Amino acid sequence: MKTQVAIIGAGPAGLLLSQRLDLEGVDNIVLESQSREHVLSRIRAGVLEWGSVEVLRESGVGDRMNAEGHLHDGTDIVWSGTNRLTLNTRVYADRPMMAYGQTNITEDLYAARDAAGQPIVHEVEEVVLHDLESTPSVTFSKNGRVERIDCEFVAGCDGFHGVSRSSIPPTQRREFEKVYPFGWLGILSETPPIDEIVYANSERGFALCSQRNPMLSRYYVQCALDTNLDDWPDDRFWEELKARFPSEIADSIITGPSIEKSIAPLRSYVSEPMRWGRLFLAGDAAHIVPPTGAKGLNLAISDVFYLARALSRFFNHHDDRYLESYSDMALRRVWGAARFSWWLTLLLHRFPDQGPFDLRAQEQELDYLSTSEAYMRSVCEQYAGLPFES
Ligand code: FAS
Ligand code: PHB
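My numbering numbers the first residue of the sequence shown as 662 and each following residue consecutively.
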């Protein structure tokens, strides 16, 4: 097989890159290690920056999002009992947020790729990237047969546990990592969500009320890393969630049976550079952020915006300017989101080694954020997502 760009991974990054390259007439093939059903069974992100909404619309996959997505002017934070503030991104950053689940985005991208007749090879094994510094190729096995794709570039969109990042020699990579001493226990329930997206910093730990659509709610509570899901029947989850919110919110939470329950560990991770030879990394393959700032999926989308522009400029205009600047440009936005997500995680969670001073400092920072327009403006522009570089 021969193509211009071999894309490894059919998550949001890989599918969106395939879609945008196709729209620019750049030939590509997507390789995915899981089945399509498995990819679509994942429950992950839920909040989109406005920049991501615009990219999805420009990519021709915005219709269902426009119809079913839920616009939010802001996200609330509650702390120390009844204190409450709103990160009003419409007022302080002149743009709303959009609640629309990653699963829906993946479904919409698959539908667009199907309509375009895009080859996506699922359930591949033993993917190996070759000759990334000269004329790259990718080998993989499918149904016991070894296949080879000759290509001009490889896009590593295969997530944190993929093969692309590790195809860059360790001596050529710099890794930055912070692992947090807790996780998020999340559930999905077919119940009406509360109106707003609300984060809680409570003495019992972090919690979050979010949503996917008018009959699908997403909730999280901070939990210990060794938490066993078997110890968390639905009743216990609902009781703990409500205990972390003031009664005005707790009393409005409509409970019901969970249709999905999982624990996500939290980590901050960035691997530099995001390019080596003719391999370009995008999304979780290059970086992971704690979900506190709702940045993971949004960073995957901005990486793809930059990479699709770079590759289409190269193929359609013989201009490698954006290829040369891709890693530095993408990393500037990645580090902005990684630092913000780390900061918000420190502000809203309870850490095992925190003492009275730490807790008082958290409380004071939230009090200050609620009273300082300058600070609120700065936090909102970061939560809404910093602009993409031209
Ligand atoms: P993905 O991991 O989504 O996709 C990579 C794809 O590559 C997968 O389909 C995988 O099967 C495939 N692959 C892996 N190795 C391969 C190989 N060798 N060959 C071929 N294919 C291979 N972000 C938020 O903003 N908010 C959240 O609430 C949130 N919750 C999350 C919960 C969990 C449990 C996880 C893991 C992540 C969460 N994230 C959240 C982050 C998440 O949304 C990611 O940022 C997003 O999926 C990134 O998309 P991709 O880069 O495409 O990576
Ligand atoms: C979600 O809806 O899953 C969600 C919302 C906000 C976050 C993280 C996750 O910060």
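Glycine included, every Cβ here is placed at the ideal spot set by N, Cα and C.
Note that the structure is a prediction, hence the values are computed from the model and not measured.
- Taking the CA atoms as reference points, Pro842 sits about 10 Å from His1010.
- Inclusion of Val708 in the 6 Å shell around the ligand PHB follows from its C-beta lying nearer than that to a non-hydrogen atom of the ligand.
- By the neighbour-count criterion, in which a residue is buried when 16 or more other Cβ atoms sit within 10 angstroms of its Cβ, Asp981 is exposed.
- By a beta-carbon distance limit of 8 Å, Glu794 does not contact Ser694. Their separation comes to about 25 Å.
- If you draw a straight line from the Cα of Leu869 to the Cα of Glu808, it is about 45 Å long.
- Distance between Asp912 and Ile829, taken at the CA atoms: about 52 Å.
- In this model, Tyr753 and Asp856 are separated by some 20 Å (Cα to Cα).
- Distance from the Cα of Gly823 is smallest, within the candidate group Asn727, Leu992, Leu942, Gln665, for Leu942.
- Under the DSSP assignment, Gln680 falls in the alpha helix (DSSP H) whose first and last residues are 673-684.
- Phe821 has no beta-bridge partner at all, per DSSP.
- Following the DSSP letters along the chain, one finds Gly957 inside the alpha helix (DSSP H) bounded by residues 957-978.
- With a cut-off of 6 Å, the C-beta of Gln1043 is classified as distant from the ligand FAS, since no heavy atom of the ligand falls inside that distance.
- Our two residues, Glu985 and Ala772, have alpha carbons roughly 32 Å apart in a direct line.
- Counting only runs of 3+ residues, the beta strand (DSSP E) found wholly inside the stretch 811-864 occupies 814-817, 835-850, 858-863, in chain order.
- Looking at Leu770, Ile766, Lys922, the one whose alpha-carbon comes closest to that of Asp891 is Lys922.
- The C-beta of Ile920 has fewer than 16 other C-beta atoms within 10 Å across all chains shown, which makes the residue exposed.
- When DSSP states are grouped into helix, strand and coil, Thr1006 belongs to the helix group.
- Collapsing the DSSP output to three states places Ile704 in coil.
- In this structure, Pro780 is the residue among Leu709, Arg718, Ala706, Pro780 with its C-alpha nearest to the C-alpha of Met662.
- 7 Å or more divides the Cβ of Gly762 from the Cβ of Ser850.
- Three or more beta-carbon pairs drawn from the stretch 669-686 and the stretch 964-973 are found closer than 8 Å, and the two stretches are therefore classed as touching.
- According to DSSP, Tyr930 shares a beta bridge with Glu838, Ile949.
- Residues Asp981, Leu984 of the same chain have their beta carbon placed closer than 7 Å to that of Phe975, with the five preceding and five following residues left out of the count.
- Here His783 carries a coil assignment [DSSP, helix/strand/coil].
- Distances from the CB of Pro951 to the heavy atoms of the ligand PHB are all 6 Å or more.
- Pro757 sits away from Leu958, with the two beta carbons spaced by 7 Å or more.
- The alpha-carbon separation between Asp769 and Gly820 amounts to approximately 19 Å.
- Short of 6 Å from the beta carbon of Glu1050, and not among the five residues preceding or following it, lie these beta carbons of its own chain, in chain order: Met990.
- Taken in chain order, the complete alpha helix (DSSP H) segments of 4 residues or longer contained in the stretch 889-921 are 895-904, 908-911.
- Note that the C-beta distance between His791 and Ser696 is not below 7 Å.
- Taking 4 residues as the shortest admissible run, the stretch 685-747 contains the following complete alpha helix (DSSP H) segments, listed from N- to C-terminal end: 697-702, 711-719, 724-729.
- If you draw a straight line from the Cα of Ser963 to the Cα of Arg905, it is about 33 Å long.
- An exposed status is given to Glu864, since fewer than 16 other beta-carbon atoms sit within 10 Å of its beta-carbon.
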